[in-house]
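In this note's numbering, the protein residues as written are -8 to 263. Note that beta-carbon positions come from the ideal geometry of N, C-alpha and C, so glycine has one too. Predicted model only: the values in this text are computed from it and were never measured. Following: one structure in structure tokens, then a few remarks.
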């Protein structure tokens, strides 16, 4: 009985072993379990997603074949996302290092204002534009190291004034904005503009390796300050009302500086 049973069992075992053995690879083929198949499928999905991300990054880093955005939905979306990322990075810089960020911002915008001013002067005179780099550098340095810190500190004072009115007298936001604007357009203006004339003269003299001529700055103040104040009262009261009423505290210098691009185009012609 045993002799009749064992031979078929041995043959069955050998047949199964032959199916599970690969002569070409010289090893047993082990079928993956259900868990391993799921794991392999997940690895394949991850590789596919990584390949898609790499393709998108390469396409976004390549030159834009349609810079005007005509009919390019994906390109416009990439451009908007880039602008949003830069804006968020700027906000983070304002939160972490407000003074340094605002110094750099105002210096850049002041220099831009002077470039615009020199372009307008050349256009009015009917001559070709030749940038005065000494003047441009003087305005950029004055903006970065005087205007930026001054405006940053002064806006902080005005913000504290508004909080003090609210806590001490319970004044509404409208009254706070009105008070901040009046103080800014009286005390702030009276301090800022005369000092700016002297700072610019000192910086320009240092860049030109000469002695500052403060009597010339005083004469400029005497002849230019009144018309300068009249013009600035047409621009800044409304700007400051909007700035104090609707703009967050850490963005007020940015808004003020954007308006200052065009204001500086006028101001540079008066101070220089």
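Under the three-state DSSP convention, the category residue 147 falls into: As a first step, residue 147 must be located in the chain shown, where it is residue number 156. In the structure shown, residue 147 sits in a helix (DSSP, three-state: H, G or I).
Burial state of residue 76, where buried means 16 or more other Cβ atoms lie within 10 Å: By 1-based counting over the chain shown, the position of residue 76 is 85. Per the 10 Å Cβ criterion, exposed.
Terminal residues of the alpha helix (DSSP H) in which residue 188 lies: Numbered from its first residue, the chain shown carries residue 188 at position 197. It spans 180 to 198 - the alpha helix (DSSP H) in which residue 188 sits, taken as one unbroken run.
Euclidean distance between Cα positions of residue 121 and residue 79: Start at 1 with the first residue of the chain shown, and residue 121 comes out as number 130. Start at 1 with the first residue of the chain shown, and residue 79 comes out as number 88. C-alpha separation (whole angstroms): 37 Å.
With 16 other Cβ atoms within 10 Å as the buried cut-off, status of residue 213: Your numbering for residue 213 matches position 222 in the chain shown. Looking at its Cβ environment, which holds fewer than 16 other Cβ atoms inside 10 Å, residue 213 is exposed.
Rounded C-alpha distance that separates residue 234 from residue 246: Locating residue 234 in the chain shown gives position 243, where the first residue counts as 1. Locating residue 246 in the chain shown gives position 255, where the first residue counts as 1. Roughly 7 Å between the two C-alpha positions.
Option nearest residue 100 by Cα separation, candidates 255, 260, 111 and 236: Translated into positions along the chain shown, residue 100 becomes position 109. With distances taken between Cα atoms, residue 100 lies closest to 255.
Selected residue, minimal CA-CA separation from residue 251, among 229, 211, 168 and 104: Here the question's residue 251 lines up with position 260 in the chain shown. For residue 251, the nearest C-alpha among the options comes from 104.
Which of helix, strand or coil DSSP assigns to residue 263: Reading the chain shown from its first residue, position 272 is the one you call residue 263. Of the three classes helix, strand and coil, the one that applies to residue 263 here is coil, per DSSP.
Cα-Cα separation between residue 227 and residue 68, rounded to whole angstroms: As a working mapping, residue 227 is identified with position 236 in the chain shown. As a working mapping, residue 68 is identified with position 77 in the chain shown. About 35 Å.
Proximity winner among 195, 191, 173 and 127, relative to residue 149 (alpha-carbon distances): In the chain shown, residue 149 corresponds to position 158, counting from 1. If we check each option's Cα against that of residue 149, 173 comes out closest.
Reduced DSSP secondary structure (H/G/I, E/B, other) of residue 97: Numbered from 1 along the chain shown, position 106 holds the residue referred to as residue 97. DSSP places residue 97 in helix when its eight states are reduced to three.
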